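Working notes, beginning with the structure itself.
Right under this line is the structure:
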């Protein structure tokens, strides 16, 4: 032997010795073993009985050598008769069969697996010649032209800054895995607030148009089994976070934020610096006004959605940004605030479908990826104002809030503006001068949680979210709605400091058409 | 003019065309480079700008952050300005900014406008190799400069001195390099 391998002569001798030993063993034991009447051939029975798996609720079939039986697993005992009948019909002797109740076997996909519909937090791959790189999908959304897609890092395209139509694949570049094509990635600028000799942007973001054959779960992020546990396995019991709102700016230092990424999974930590100008190692790029979070991160986590958890049990979250970098020791990550991502000079406004959680589900069956260039969206507030009540002036309470206005906002897309999208804006004010009257001079209420139900020919959808600094909560766009009349009703309104005084509703802007003491507003398509 | 050699007379218009072409070409180049140098959009209001707006309504405001006990910690030079600061925070950042745990006042040493001025003066530090971050750090009431390793501290300190920025107003943190996190 030399260098741990068998020399040719020794190899031949070893093989010969093994063959001889085997022949001797066969001579002594083989014939008698073959001659013995053995147990039923369970493997053959298993093959014969395999069609039993066609019965819904049958979990498994196994030739279990420990009990010398063909064991069929079922989700519930009620299936036993059907199983036995089917096996008998297949010619399987029932005395060889045992039926056991077995928990259903659930696939446990990981962030690195192929997952459809696509959602934030999953691994994707792209080619930057000559290598294939992996990053993390940020979040799904639609751009201002109504094109559906998803946000990724600019540095997760073929060239950071500028559009090269980079193709994105999930989870890898195997055939059939293409999920999108880069369509937006602003170039880095110089001058202005950018340090001399550097190139700057306010976010490391790009937008990829989704493939028409790929489905996406809008407003959803993959949820793994827990924070800071290193798991990449998606929690089968609670597989998703739901985006209900977007942060309106940078995070306050001390805020606890989270991210889900394909390398280190779900990690959580506190914001340590807010609105920091950051030089990207090995480049002339400076990212302006970024936030830093003390939480674990690793290579491949680029693009991870960054979010605040509003409710752990329901998975309701506020989207804060898109991760792009980290300290070299993996102790902290850097992200671009979602507000920066949506600046006019960056990706522009995106509908991330914040507030479309709860009972609202979005499984787009078609995406307008192949439609001609959509016309510029027109946002036309439409209102059928039906004043039905006049608030009685009197002694009020500055802590009383109310729904000031419910407005349908409209945009059109497609050739000739043939497709109508609608969203609902709910404006919340409080009786800040305590005069018991709802009026336009009252202060807007930010941070109020609004629930609004939209009823139309397509069914009923309940949406919720939080008001911004103007006191306004906007739902995501409801895409390509059919003609008909739609009614939006504010069904719940809560706030940490203020209470909803329904006596102040409906205001002169809205109605209560169904008389249930909740303000509503109707809108008809076509207009 | 009439005594100029013929050859020169012929060459002059051609030369003028060439010179004019060069001038026009260069002027386009200058226009192009101007376009590249111009920021794509007007600088948007940043988090730091919002902090400045709070200070305008509450003189002596020096920053704020969520402390470990869940309270909103507010830096003030004059602690009697707390009611004004709370009102300003409410109007600029929204009423939800004050958490249920309440607020606490910390003695500030610098105002946001001072920190902003120094941060702007230090902007060129970002062109120094090894400098990783620059931050008006409202959570420490300081300016924070991040560097990849401690050997850069003297260089940063020389810059502070040249800009007449108090050394104690600036914290210099060794962050290591900050890298994009695409993976193979």
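Residue numbers (the working numbering), protein chains in the order written: chain A, 413 to 939; chain B, 433 to 616.
Idealized CB from N, CA, C, for every residue including glycine.
This structure is a prediction, so every number in the text was calculated from the model and none was measured.
query                                                                                                              : result
Every unbroken alpha helix (DSSP H) inside the region 491-531 of chain A [4 residues or more]                      : 492-501
Distance, residue 832/A Cα to residue 896/A Cα                                                                     : 11 Å
For residue 490/B, the first and last residue of its enclosing alpha helix (DSSP H)                                : Note, residue 490/B: premise wrong, no alpha helix (DSSP H); not H, not E.
Given 8 Å, three or more beta-carbon pairs between the region 545-565 of chain A and the region 619-628 of chain A : yes
Secondary structure of residue 518/B, DSSP reduced to three states                                                 : helix
Members of the region 560-577 of chain B near chain A, C-beta cut-off 8 Å                                          : 563, 564, 565, 566, 567, 568, 569, 570, 571, 576
CB contact below 8 Å: residue 462/B versus chain A                                                                 : Model confidence at residue 462/B stands at a pLDDT of 33, short of 50, so the residue's coordinates are unreliable and nothing is read from them.
Residue 667/A at chain B interface by Cβ criterion, 8 Å                                                            : yes
Nearest residue (CA-CA) to residue 670/A, options 664/A, 678/A, 917/A                                              : 678/A
Contact list for the region 736-748 of chain A against chain B, Cβ threshold 7 Å                                   : 736, 737, 738, 739, 740, 741, 746
As assigned by DSSP and simplified to three states, the class of residue 606/A                                     : coil
Unbroken beta strand (DSSP E) run spanning residue 689/A, endpoints                                                : 677-691
DSSP state of residue 905/A mapped onto helix, strand, coil                                                        : strand
Residue 589/A in three-state terms, based on DSSP                                                                  : coil
Nearest-angstrom Cβ-Cβ length linking residue 738/A and residue 610/B, presumed shorter than 8 Å                   : 7 Å
Per-residue contacts from residue 592/B into chain A (C-beta, under 9 Å)                                           : Here the premise fails: no neighbours, minimum Cβ distance about 17 Å.
Interface partners of residue 555/B on chain A, CB under 7 Å                                                       : 607
Given residue 928/A as reference, the closest of 904/A, 936/A, 910/A once Cα atoms are compared                    : 904/A
Contact list for residue 567/A against chain B, beta-carbon separation under 7 Å                                   : 612, 614
Short Cβ contact (8 Å threshold) for residue 747/A with residue 733/A                                              : yes
Same chain only: Cβ atoms within 7 Å of residue 721/A, ignoring 5 sequence neighbours per side                     : 670, 729
Same chain, Cβ closer than 8 Å to residue 463/A, five either side skipped, listed in chain order                   : 498, 502
Residue of 588/B, 614/B, 490/B minimising C-alpha distance to residue 578/B                                        : 588/B
Counted within 10 angstroms of its Cβ, other Cβ atoms place residue 842/A as buried (16 or more) or exposed        : buried
Residue 847/A vs residue 922/A beta-carbon contact at 8 Å                                                          : no
Residue environment, residue 615/A, which counts as buried when at least 16 other CB atoms sit within 10 Å         : buried
Contact between the region 531-539 of chain A and the region 578-592 of chain A (3+ Cβ pairs under 8 Å)            : yes
Below-8 Å beta-carbon distance, residue 930/A vs any chain B residue                                               : no
Nearest-angstrom Cα separation, counted from residue 690/A out to residue 562/B                                    : 11 Å
DSSP state of residue 481/A mapped onto helix, strand, coil                                                        : strand
Residue-level contact to chain B via CB, residue 689/A, 8 Å cutoff                                                 : yes
DSSP bridge partner residues for residue 880/A (one or two, in chain order)                                        : Answer is none; residue 880/A lacks a bridge partner.
Rounded Cβ spacing between residue 899/A and residue 860/A (contact assumed at less than 8 Å)                      : With 8 Å as the limit, residue 899/A and residue 860/A do not qualify as a contact, their Cβ atoms being about 21 Å apart.
Own chain, CB closer than 6 Å to residue 456/B, minus 5 neighbours either side, in chain order                     : A caution first: residue 456/B carries a pLDDT of 41, below 50, which makes its placement in the model too unreliable to give a value.
Interface residues of chain B facing residue 545/A [CB-CB closer than 8 Å]                                         : 614, 615, 616
Host beta strand (DSSP E) of residue 455/A (start-end)                                                             : Counting along the chain, residue 455/A falls outside any beta strand (DSSP E), though it belongs to the alpha helix (DSSP H) covering 454-461.
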